Amino acid sequence: MSNIIFLDVDGVLNSKFWDNDHQREISEGKYVDLSAVKLLGTLVDRTGAKIILHSGWRFWFDESMNPLKPAAEFFINAMANEDMIISGVTPDLTTEEIRKAKIFSLVKADEILTWLKENPSDNWVVLDDLDLNNPEIQSHQVKTDPEVGLTDQDVEKAITILTRRIN
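Put into structure tokens, the structure is as follows:
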């Protein structure tokens, strides 16, 4: 059974702190912090996990995971430089109201649980800066601080979640 990382991007692989110091990169469509991508690579290396994108960024790719925007191309290349690929995406359960109000946290938990029903795994972790309001998800979530993004401590917590034995 594979380890799974459900990956959000904003607030995980970038942060408000990073954004403030990297306006030029952002203006060039480089929306991810390469040091955070490197930390994610450490997590993947140590756990052998597959990455499932559950971020709104999943809409920046076609069905074959080819990037549709320059930012998505930069992201996928940054991942490839750390020997990572996106293995899949969660289903889209948003409604027009959710998209207009930008309250994706209302459906993210259901999207993850729907994916898991179709692809059962006991060893999974969610990397997201939002509270996903679901007790099952909460026990598997590493909630990053959107001010700083993914940290060494977050990676260690994720490794603990992925390697704990479920009875």
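Residue numbers (this note's numbering): 3 to 169.
No residue lacks a Cβ here, since even glycine has one placed at the ideal position from N, Cα and C.
Note that the structure is predicted; figures quoted are calculated from it, not measured.
Taking Cβ positions, are V39 and L55 nearer each other than 7 Å? no
Whole-Å CB distance - L9 paired with S57, under 8 Å assumed: Between S57 and L9 the Cβ distance is about 6 Å, and since that is below 8 Å, they are a contact.
Could you check where the alpha helix (DSSP H) with V39 kicks off and where it finishes? From DSSP, the alpha helix (DSSP H) with V39 extends over L36 to T49.
In terms of alpha-carbon separation, which member of D12, I53 and V34 lies closest to N121? Nearest of D12, I53 and V34 to N121, Cα basis: I53.
Exposed or buried, what is G151 when buried is set at 16 or more other beta-carbons lying within 10 Å of its beta-carbon? The residue in question, G151, is buried, as its Cβ has 16 or more Cβ neighbours within 10 Å.
Cα-Cα separation between R60 and Y33, rounded to whole angstroms: Distance between the alpha carbons of R60 and Y33: 14 Å.
Grab me the residues of V157's own chain with a C-beta within less than 7 Å of its C-beta, minus the 5 sequence neighbours each way, in chain order. L41, T44 and L45.
Note the first and the last residue of the continuous beta strand (DSSP E) segment covering S89. I88 to V91
So, under 8 Å CB-CB, T146 and L129 are touching, yes? Tell me the CB distance rounded to an integer number of Å. Contact between T146 and L129 holds: CB atoms are separated by about 6 Å, below the 8 Å threshold.
So what's I53 in DSSP terms, helix, strand or just coil? strand
At what residues does the alpha helix (DSSP H) containing W117 begin and finish? Per DSSP, the unbroken alpha helix (DSSP H) holding W117 starts and ends at S107 to E120.
Keeping to the same chain, check which residues put their C-beta closer than 6 Å to that of A160; ignore five residues upstream and five downstream. Cβ neighbours of A160 beyond the five flanking positions: L45, V127 and V144.
Measuring only the C-alpha atoms, how far is D133 from Q140? 8 Å
Per DSSP, what kind of secondary structure is R26 in: helix, strand or coil? The predicted model places R26 with a pLDDT of 49, which falls under 50 and marks its position as unreliable, so this point remains unresolved.
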